[in-house]
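Asks: Here it is, the structure, as structure tokens.
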Amino acid sequence: MHKYLKGGILCMSYFNSDEFENSPSKLSYFLVALVAAILGGIVSLYMAPMILGDNWVGNNIGLQQPAIPNIPRENYEDDSPVVAIAEQVGPTVVGVSNRGQYRDFFGRTINQEIGSGSGVIIDARGYIVTNFHVIDKAQEIIITLHDGRKTTAEIIGSDPTTDLAVLKIEEENLPVAILGDSNNLRQGELVVAIGNPLGIEFAGSVTVGVVSATERTLTIEDRQFKLIQTDAAINPGNSGGALVDRNGLLVGINSAKLVVQGVEGMGFAIP
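Have a look at this one:
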């Protein structure tokens, strides 16, 4: 991908570079994807009318959230909760495939995946949060659940200015990620990123890091955003995936990384 971006902020949805070269529209689609901050943290899903008005899903449903889990720590020699977090949160992270049409060299219309990312189940009735840039311009969205089942999704609400979208699938009794409060994060605190780097082949990948900064201000497209900075590995396909604290609570949505030659370990999540 470095042939397209020599440096800067790169949104972490995944695309097939071979197919990408045959479709100028994909290049445009990829480069215009923005990283955005959600004011008030992931818990602002409850306050989303401020973002999308009366049509926001939060006005029509009350999110059904289970009780906050007690992540055991005494079973691990290094007092690390990562194994328990992976078991608790991993099944709530899904693959999001953005499918659309483009014309090939011979003018034929091809219907195929034009990008992919991750999503997080936030309600057992099938509501999923992801990044707007993951599903932008999609003609069809395919969700791959933790157990490998695939199903189509509809867009319930989206907002490009906050890079947020909520999807709905017709499934019930799904595992749910429990919303935390990013305002409680501390610099140096352990965080775990879960997503699908490089597509569904590496679904449910778990990486571990710390909170490098809690309110990192970045300027993108002449706009400023406050994001969580972490050194947990965030790679293409991780967009829309979960960033959770040591208690297994969802505190961020993985979204971007700094792409500069010689620089590593600078990923960002929407708080």
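Each number in this note's numbering comes from the position in the sequence shown (counting from 1) with 663 added on.
Even glycine gets a Cβ: it sits at the ideal position worked out from N, Cα and C.
For clarity, every value in this text was computed on a predicted model and none was experimentally measured.
1) Hey, out of T880, A896, K800, L906, whose CA is closest to S945's CA?
2) Would you be able to state if there are at least three C-beta pairs under 8 Å between the stretch 745-758 and the stretch 854-870?
3) Near A787, what residues of its chain come up, given a Cβ to Cβ distance below 7 Å and the 5 sequence neighbours on each side ignored?
4) Nearest-angstrom Cα distance between L842 and L912?
5) Can you tell me which of A932, N774, F768 puts its alpha carbon nearest to the alpha carbon of I857?
6) At which residues does the alpha helix (DSSP H) containing A747 begin and terminate?
7) In its own chain, which residues sit with a C-beta less than 6 Å from the C-beta of S875, not counting the 5 before and 5 after it?
8) Using only alpha-carbon positions, find the residue among P823, L808, F768 that is nearest to I798.
9) What residue range is occupied by the uninterrupted beta strand (DSSP E) comprising I791?
10) Have a look at V940 and V907 and give me their C-alpha separation to the nearest angstrom.
11) Taking the alpha-carbon of S779 as reference, which of G903, L881, L848 has the nearest alpha-carbon?
12) How is the beta strand (DSSP E) around V783 delimited, first residue to last?
13) Mapping the DSSP letters down to three states, classify V907 as helix, strand or coil.
14) Going by beta carbon distance, what residues of the same chain come within less than 7 Å of F769, once the five residues before and after it are set aside?
15) Alpha carbon to alpha carbon, what distance is there between I804 and T815?
16) Using a Cβ-Cβ cutoff of less than 8 Å, which residues in the same chain neighbour R849 once the five nearest sequence positions on both sides are dropped?
17) With H, G and I counted as helix, E and B as strand and the rest as coil, what does DSSP make of N836?
18) Comparing C-alpha positions only, which one of R909, I777, T772 sits nearest to G851?
19) Quick test of your reading: T807 and G763, contact by CB under 8 Å. State the CB separation rounded to the nearest angstrom.
20) Assign F768 to one of three DSSP states: helix, strand, or coil.
Replies: This is what the structure holds:
1) Nothing about residue 945 can be read from this structure; the chain reaches only from 664 to 934.
2) Counting Cβ pairs under 8 Å, three or more are found: they touch.
3) Q727, E835, N836, L837, V839
4) Distance between the alpha carbons of L842 and L912: 6 Å.
5) A932
6) 745-752
7) Q892, T893, D894
8) Minimum Cα-Cα distance from I798 among the listed residues P823, L808, F768 corresponds to P823.
9) 790-793
10) Here the chain covers residues 664 to 934 and nothing more, so residue 940 does not appear.
11) G903
12) 772-786
13) DSSP places V907 in the strand class (E or B) of the three-state scheme.
14) none
15) Each residue's Cα considered, the two are about 6 Å apart.
16) Here R849 has V874, T877 as same chain residues with Cβ atoms under 8 Å from its own Cβ, once five neighbours each way along the sequence are excluded.
17) coil
18) R909
19) Between G763 and T807 the Cβ distance is about 17 Å, and since that is not below 8 Å, they are no contact.
20) coil
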